[in-house]
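Student:
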Amino acid sequence: MPQILPDFSNSVKLKYVKLGYQYLVNHILYLLLVPIMVAILIEVLRLGPYEILNLWKSLHFDLVQILCSSFLIIFIATVYFMSKPRHVYLVDYACYKPPVTCRVPFATFMEHSRLILKNNPKSVEFQMRILERSGLGEETCLPPAIHYIPPTPTMEAARGEAELVIFSAMDSLLQKTGLKPKDIDILIVNCSLFSPTPSLSAMLINQYKLRSNIKSFNLSGMGCSAGLISIDLARDLLQVHPNSNAVVVSTEIITPNYYQGNERAMLLPNCLFRMGGAAILLSNRRRNRSRAKYRLVHVVRTHKGADDKAYRCVFEEEDKEGKVGISLSKDLMAIAGEALKSNITTIGPLVLPASEQLLFLMTLIGRKIFNPKWKPYIPDFKQAFEHFCIHAGGRAVIDELQKNLQLSAEHVEASRMTLHRFGNTSSSSLWYEMSYIEEKGRMKKGDRVWQIAFGSGFKCNSAVWKCNKTIKTTTDNPWSDCIDRYPVHIPEIVKL
Amino acid sequence: MGDQKSRVNVHSVLTQVSSRPSASDETYPLTRLDHAMGHHTIHVIFYYEKSPFGSFDMDPIRVTLSEVLSSYPPVTGRLTRDDAGNWAVKCNDAGVRVLRARVGITLDEWLRSADGNEERDLTVWEDMPEVPNTWSPFRIQLNDFEGGGVAIGLSCTHMHGDLTSLILLFKAFSEAHHGQAITFPPFFKPPAPPDRKFSVNNSKSTSYLEAKLQKQTPSVKMSTATFKFSDSVVKQCLSEIHDKCPDASPFDLLAALFWIRVVHLKGPKHDDHTHSLSLCVDFRRLLQEPLPYGYFGNALNFSLLSLNEEEMDCSMLGRVAELVHCHVSGLKEEEFWATLHWLDLQKEEGGKYAPPFAMYGPEFTCVSMEHMIIGDQPVMYSMNFDSAKPVHVSCHVGNAEGEGLILVMPSAEAGLARTVMVTLPEEETAKLCEDQSILHLKPTMLLRSI
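Line by line, the protein sequences give chains A and B.
The numbers in UniProt numbering rise by one with no breaks, and the one at position 348 of the first sequence is 348.
The numbers in UniProt numbering rise by one with no breaks, and the one at position 404 of the second sequence is 404.
Following this line, the structure appears as structure tokens:
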């Protein structure tokens with residue numbers, strides 16, 4: 001959507017005007033402070049040292065007054081420091097890299113599709129068209145059970161996949177951070193579509209022999225944005241429990257949810273969802289402050305479930321043959337756009353610089369009072385953030401957000417490349433994207449990152465992180481063997 | 001296949017992919033010789049006492065297999081027709097089909113009690129469909145025996161390669177599993193003829209091929225028997241015929257022996273008074289510019305050795321072995337190029353190769369695997385898993401009709417020991433197993449029902 005200013009927004013003169021305006025408004029306090037200080041200085045110099053001394057002597061202080069004012073100051077300071085929310089630090093995180101035997105090249109996917117859906121050539125054609133335009137690459141992975149003809153999604157296979165993904169990510173996290181399992185105070189696992197008894201968090205507690213007074217939570221059914229919901233929950237818990245470590249495990253288990261019917265709306269997730277998982281360590285301990293990678297600044301959650309259309313747009317149900325699958329409605333993108341607008345309306349005032357907020361406010365007043373036909377002003381979020389991690393839900397989602405937020409290709413590169421290399425790994429995709437940015441050496445101290453995720457319900461959740469220290473590239477991450485090949489050009493349609 | 005239900009129970013099918021995507025969309029054309037072999041299929045079975053595949057789904061050995069498959073893009077590709085209508089392999093990484101089967105008895109019991117036909121169940125015998133774009137030409141079948149043994153069966157169409165290629169592919173896999181360098185890395189450039197003219201008309205091979213083209217054989221039910229001859233016995237035999245044939249190789253000896261006995265078994269021929277033996281020899285190292293062993297494709301030649309009836313009747317083993325020896329050592333690369341040239345001439349309009357005909361048969365055919373013994377070690381028994389050699393290796397050729405087929409292969413025991421697999425019409429195989437001249441050499445009989 002274009003700005004309200006006239007067409008010559010590309011001209012150089014206007015660019016300088018914009019820059020000047022931004023500088024003025026963002027630093028207004030400093031700019032006002034300077035003349036005041038100059039005035040005081042001139043006054044002081046004018047008065048001379050004797051005058052100042054006399055002024056000081058004329059103020060009569062007695063003991064009671066001094067004591068009261070100092071107590072007041074101490075009291076206010078104490079209340080301030082006690083009520084300040086604890087800072088939550090992200091010490092480190094680890095993403096799961098699937099083994100090469102789980103790789104699914106396009107040819108293999110289409111071949112399996114043809115062999116399994118041999119009575120439904122139209123469904124096969126549909127899957128081929130989706131795959132061609134999906135933005136996925138040839139190295140995305142599906143769990144072993146799906147490589148069988150026909151797939152063998154037993155509960156044992158699902159548990160096997162869960163163990164493989166979650167334990168590998170946890171092992172990697174424990175090794176990277178040097179954390180001892182006994183030091184984990186809070187454990188949150190989110191996996192939307194697989195919820196066995198005992199829960200996945202119990203599985204972790206059993207495997208790593210975690211403490212008996214651990215606070216564990218297992219979030220299921222909350223869709224692809226559950227990762228940020230878990231982070232929000234961890235943050236709230238870390239406000240209540242001082243000096244604690246929280247581990248958040250985000251994953252999606254594909255094995256039990258591979259749709260085996262031929263309803264088109266339900267075949268779409270098969271083409272996009274892939275194996276992946278991430279484990280994140282959050283802490284509010286002081287000693288982690290210096291070695292933490294990020295500090296959590298804001299989490300904003302928006303739920304559009306009150307609207308029926310939004311509620312039904314990602315719906316798990318049985319098809320005509322009784323096979324269970326997730327049906328995606330056609331107005332998914334429109335609903336996602338609405339949810340995003342809601343979310344940025346809330347997050348805007350928290351993160352945008354004063355210049356953008358002022359412009360937004362003036363446009364809002366103008367639309368309400370003067371002329372409703374004025375186009376709404378879309379704030380320039382590129383001034384608030386250096387990096388964007390948009391959930392790699394699909395090519396359409398990334399395209400839509402890039403258009404709506406007016407982001408450049410480099411801003412959405414992490415999302416597109418994650419979609420290409422790992423596919424849609426649901427709640428953990430944000431962490432693969434962060435890892436990409438770090439491995440490219442672009443994450444510097446003070447950089448602000450915006451993670452946006454969409455999920456069934458319909459939800460749009462955001463998290464804002466501030467980088468605590470410049471991050472060096474490493475070799476123990478899922479991008480290490482292929483980062484040099486990226487970014488790749490992803491064609492609109494891959495010929496299959 | 002007998003009336004009884006097979007003891008091999010296939011329970012799952014999956015696809016194994018390579019670890020790295022192949023460089024975009026290459027199409028690997030198949031050569032004239034590859035096309036000519038299209039009527040047949042090849043199957044190799046490796047028996048191990050202890051299966052190297054543990055949990056299977058997440059076993060690291062599968063990662064090794066994926067890595068090895070990355071070096072063989074034509075193996076994971078799919079057949080497609082090129083512009084001229086000839087077969088080519090589209091290297092699209094679709095992967096190889098892996099089947100898993102369970103056998104209800106132990107490995108030893110199997111080797112004792114199963115017969116040659118039942119052994120066929122250990123690999124996949126599938127005809128190529130009309131449209132093979134979702135059909136995997138390479139199939140691996142893992143057969144788990146009771147007590148931990150395994151038989152790994154590889155099969156593919158003869159168009160993709162010969163027995164040597166398949167065996168060396170498996171060897172590369174076993175070497176990669178142990179982190180060793182691959183001894184015979186894959187090589188995909190087909191041999192190019194040198195700039196010399198070849199006379200097609202007078203060549204022995206081409207006239208033989210012409211004859212093959214014409215013949216039609218009725219299909220008869222065949223059965224297979226396996227004979228293992230020990231090193232000492234072969235050595236003794238060679239010394240016995242030393243005066244007639246001083247440079248005989250074990251192949252010459254065994255080919256001659258079996259030919260004589262089979263001719264004897266079949267009885268006198270009525271229409272024709274010559275006895276012919278078709279010899280199949282690998283040409284990789286016989287070319288002037290030798291092809292590396294790792295050449296992945298067909299590099300074999302069929303030639304005919306004929307004896308008339310009288311000569312056969314009164315010949316001694318030594319004399320026939322001498323003839324075989326002279327024939328084999330007299331094979332020149334001109335034969336090979338002449339065959340290829342003849343195949344070229346058979347092309348139809350637009351450059352499409354002629355449809356394939358039976359290359360193995362209709363005469364009694366003998367395949368030599370002497371080239372698989374390098375130094376003193378049989379390459380076929382050198383693919384170790386966890387320091388265990390294969391207990392036995394079997395090879396089968398599909399659609400090899402005609403009078404019969406014998407494969408003379410190296411044995412687990414190094415040196416001059418050989419394993420001979422004979423495929424003949426059912427009654428003849430039974431009679432051969434009781435033939436005194438053969439039993440005199442004290443062979444160990446495997447895989448034939450008693």
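Where is the CB? At the ideal position from N, CA and C, for every residue including glycine.
Computed from a predicted structure; not experimentally measured.
1) Determine which residues share a DSSP beta bridge with GLU252 (chain A) and list them.
2) Just to make sure I have the definition right: I need the residues of chain A whose C-beta is within less than 7 angstroms of the C-beta of ARG139 (chain B). Which are they?
3) Starting from ILE45 (chain B), follow the beta strand (DSSP E) in both directions and report where the run begins and ends.
4) Please tell me whether PHE126 (chain A) and ARG264 (chain A) are closer than 8 angstroms, where the distance is taken between their beta carbons.
5) Helix, strand or coil: how does DSSP classify residue 497 (chain A) here?
6) ALA334 (chain A) bridges to which residues according to DSSP?
7) When the cut-off is 8 angstroms and only beta carbons count, does ILE253 (chain A) lie next to chain B?
8) Between the C-alpha atoms of PHE170 (chain B) and CYS141 (chain A), what's the straight-line distance to the nearest angstrom?
9) Measure the alpha-carbon distance for ARG448 (chain B) versus ILE205 (chain A) and round it to whole angstroms.
10) Can you list the residues of chain A that MET128 (chain B) reaches, using a CB-CB cut of under 9 angstroms?
11) Could you pull the start and end residues of the beta strand (DSSP E) that CYS156 (chain B) belongs to?
12) Along chain B, which residues have their Cβ under 9 angstroms away from the Cβ of ILE149 (chain A)?
13) Using a C-beta to C-beta distance shorter than 9 angstroms, which residues of chain B count as neighbours of ALA396 (chain A)?
14) Please list, in chain order, all residues of the same chain as GLY318 (chain B) whose beta carbon is under 6 angstroms from its beta carbon, the five residues on each side excluded.
15) What does ALA94 (chain B) reach in chain A if we use C-beta pairs closer than 8 angstroms?
16) With the cut-off set at 8 angstroms, would you say ILE483 (chain A) and LYS440 (chain A) are in Cβ contact?
17) Any idea which residues DSSP pairs PRO194 (chain B) with across the strands?
18) Indicate whether the contact test is met: 3 or more Cβ pairs, each with one atom in the stretch 392 to 412 of chain A and one in the stretch 328 to 342 of chain A, closer than 8 angstroms.
19) Since VAL189 (chain A) meets chain B, which of its residues come closer than 9 angstroms, beta carbon to beta carbon?
20) For SER426 (chain A), tell me which candidate among A:MET275, A:GLU386, A:LYS330 and A:SER355 has the shortest Cα-Cα distance.
21) Do you know whose CA, among B:LEU305, B:SER136 and B:VAL63, lies nearest LEU331 (chain B)'s CA?
22) Taking the beta carbon of TYR72 (chain B) as the centre, do at least 16 other beta carbons fall within 10 Å, making it buried, or is it exposed?
23) So what's PRO21 (chain B) in DSSP terms, helix, strand or just coil?
24) Give me the residue from A:THR302, A:ASP476 and A:TYR377 with the minimum Cα distance to PHE454 (chain A).
25) With a threshold of 16 other CB atoms inside 10 Å of the CB of HIS489 (chain A), please say whether the residue is buried or exposed.
26) Can you give me the start and stop residues for the alpha helix (DSSP H) that ARG62 (chain B) sits inside?
27) Taking C-alpha atoms, which residue in B:TRP110, B:HIS158 and B:TYR28 lies nearest to PHE357 (chain B)?
28) Assuming TYR28 (chain B) is part of the beta strand (DSSP E), what are its boundary residues?
29) How close, in whole Å, do the beta carbons of SER435 (chain A) and PRO379 (chain A) come, if the pair is a contact with beta carbons under 8 angstroms?
30) Helix, strand or coil, according to DSSP, for ASN218 (chain A) in the structure here?
31) So, does the CB of VAL100 (chain A) fall closer than 8 angstroms to a CB anywhere in chain B?
32) Take SER128 (chain B) as the anchor and find which of B:PRO218, B:HIS160, B:ARG100 and B:GLU333 has the nearest alpha-carbon.
33) Report back the beta-carbon spacing between MET186 (chain A) and ALA234 (chain A) to the nearest angstrom; my notes put them in contact at under 8 angstroms.
34) Taking ARG129 (chain A) as the query, report the chain B residues whose CB atoms sit under 9 angstroms from its CB, ordered along the chain.
35) Measure the CB-CB distance between THR15 (chain B) and ARG81 (chain B) and report whether it falls below 8 angstroms.
36) Apply the 10 Å Cβ neighbour rule to VAL300 (chain A) and answer buried if 16 or more other Cβ atoms are within range, or exposed otherwise.
Tutor: In terms of the structure at hand:
1) As a first step, residue 252 (chain A) is located in the first sequence; it is residue number 252 there, counting from the start. In the DSSP output, where bridge partners are listed per residue, GLU252 (chain A) has A:GLY276.
2) Taking the first residue of the second sequence as position 1, residue 139 (chain B) is located at position 139. Simply none; closest approach about 12 angstroms.
3) Translated into positions along the second sequence, residue 45 (chain B) becomes position 45. Run containing ILE45 (chain B): 41 to 48, per the beta strand (DSSP E) assignment.
4) What you label residue 126 (chain A) is simply residue 126 of the first sequence in a count that begins at 1. What you label residue 264 (chain A) is simply residue 264 of the first sequence in a count that begins at 1. Yes, the Cβ-Cβ distance between PHE126 (chain A) and ARG264 (chain A) is below 8 angstroms.
5) As displayed, chain A neither begins before 1 nor continues past 496, which places residue 497 (chain A) out of reach and without an answer.
6) For the purposes of this step, residue 334 (chain A) is identified with residue 334 of the first sequence, where counting begins at 1. Note: ALA334 (chain A) sits in no beta bridge, so no partner.
7) Mapped onto the first sequence, residue 253 (chain A) falls at position 253. For ILE253 (chain A), the answer is no, since every Cβ of chain B falls outside 8 angstroms of its Cβ.
8) Residue mapping note: residue 170 (chain B) aligns to position 170 of the second sequence, counting from 1. Residue mapping note: residue 141 (chain A) aligns to position 141 of the first sequence, counting from 1. Taking the straight line from one Cα to the other gives about 26 angstroms.
9) Counting from 1 along the second sequence, the entry for residue 448 (chain B) is found at position 448. Counting from 1 along the first sequence, the entry for residue 205 (chain A) is found at position 205. Going by the C-alpha atoms only, they are around 56 angstroms apart.
10) Working through the second sequence from its first residue, we reach residue 128 (chain B) at position 128. Ordered by position in chain A, no residue passes the 9 angstroms Cβ test against MET128 (chain B), which lies about 15 angstroms from the chain.
11) Taking the first residue of the second sequence as 1, we reach residue 156 (chain B) at position 156. 150 to 157 is the span of the beta strand (DSSP E), which, as asked, contains CYS156 (chain B).
12) Looking up residue 149 (chain A) in the first sequence gives position 149. Simply SER12, VAL13, LEU14, THR15 and ARG97.
13) Your numbering for residue 396 (chain A) matches position 396 in the first sequence. Per Cβ cutoff of 9 angstroms: no residues; ALA396 (chain A) is ~25 angstroms from chain B at best.
14) Mapped onto the second sequence, residue 318 (chain B) falls at position 318. These residues qualify, in order along the chain: ILE241, LYS244 and CYS245.
15) In the second sequence, the residue the question calls residue 94 (chain B) occupies position 94. Result: PRO105, ALA107, THR108 and GLU111.
16) Stepping through the first sequence from its first residue, residue 483 (chain A) is reached at position 483. Stepping through the first sequence from its first residue, residue 440 (chain A) is reached at position 440. Contact: yes.
17) Numbered from its first residue, the second sequence carries residue 194 (chain B) at position 194. DSSP output for PRO194 (chain B) lists no bridge partner at all.
18) yes
19) Along the first sequence, read from residue 1 onward, the residue named residue 189 (chain A) stands at position 189. Neighbours of VAL189 (chain A) on chain B: none; closest Cβ ~21 angstroms, over 9 angstroms.
20) Mapped onto the first sequence, residue 426 (chain A) falls at position 426. When only C-alpha atoms are compared, the closest one is A:MET275.
21) As a working note, residue 331 (chain B) is residue 331 in the second sequence. Minimum Cα distance to LEU331 (chain B) is reached at B:LEU305.
22) Numbered from its first residue, the second sequence carries residue 72 (chain B) at position 72. TYR72 (chain B) comes out buried.
23) Counted from its first residue, the second sequence places residue 21 (chain B) at position 21. It is coil, neither helix nor strand.
24) Reading the first sequence from its first residue, position 454 is the one you call residue 454 (chain A). Nearest C-alpha to PHE454 (chain A): A:THR302.
25) Here residue 489 (chain A) refers to the residue found at position 489 when the first sequence is read from its first residue. Exposed, since its Cβ has fewer than 16 Cβ neighbours within 10 Å.
26) Locating residue 62 (chain B) in the second sequence gives position 62, where the first residue counts as 1. Note, ARG62 (chain B): alpha helix (DSSP H), 60 to 70.
27) The residue you call residue 357 (chain B) lines up with position 357 of the second sequence. The residue with the shortest Cα to Cα distance from PHE357 (chain B) is B:HIS158.
28) Stepping through the second sequence from its first residue, residue 28 (chain B) is reached at position 28. Its beta strand (DSSP E) spans residues 27 to 29.
29) Here residue 435 (chain A) refers to the residue found at position 435 when the first sequence is read from its first residue. Here residue 379 (chain A) refers to the residue found at position 379 when the first sequence is read from its first residue. Not quite, the Cβ-Cβ distance comes to about 28 angstroms (not below 8 angstroms), so this is no contact.
30) Numbered from its first residue, the first sequence carries residue 218 (chain A) at position 218. Here ASN218 (chain A) sits in strand by DSSP.
31) Numbered from 1 along the first sequence, position 100 holds the residue referred to as residue 100 (chain A). Yes, because at least one Cβ of chain B sits closer than 8 angstroms to the Cβ of VAL100 (chain A).
32) Your numbering for residue 128 (chain B) matches position 128 in the second sequence. A small fix is needed here, since residue 128 (chain B) is Met in this sequence, not Ser. Of B:PRO218, B:HIS160, B:ARG100 and B:GLU333, the residue nearest in Cα terms is B:HIS160.
33) Here residue 186 (chain A) is taken as the residue at index 186 of the first sequence, counted from 1. Here residue 234 (chain A) is taken as the residue at index 234 of the first sequence, counted from 1. The sequence shown places Ile at residue 186 (chain A), not Met. ILE186 (chain A) to ALA234 (chain A), Cβ: 6 angstroms. Contact.
34) Along the first sequence, one-based indexing puts residue 129 (chain A) at 129. Within 9 angstroms Cβ-Cβ: nothing; ARG129 (chain A) doesn't reach chain B, min ~18 angstroms.
35) Numbered from 1 along the second sequence, position 15 holds the residue referred to as residue 15 (chain B). Numbered from 1 along the second sequence, position 81 holds the residue referred to as residue 81 (chain B). Going by C-beta atoms, THR15 (chain B) is not nearer than 8 angstroms to ARG81 (chain B).
36) Here residue 300 (chain A) refers to the residue found at position 300 when the first sequence is read from its first residue. Flag for VAL300 (chain A) reads buried.
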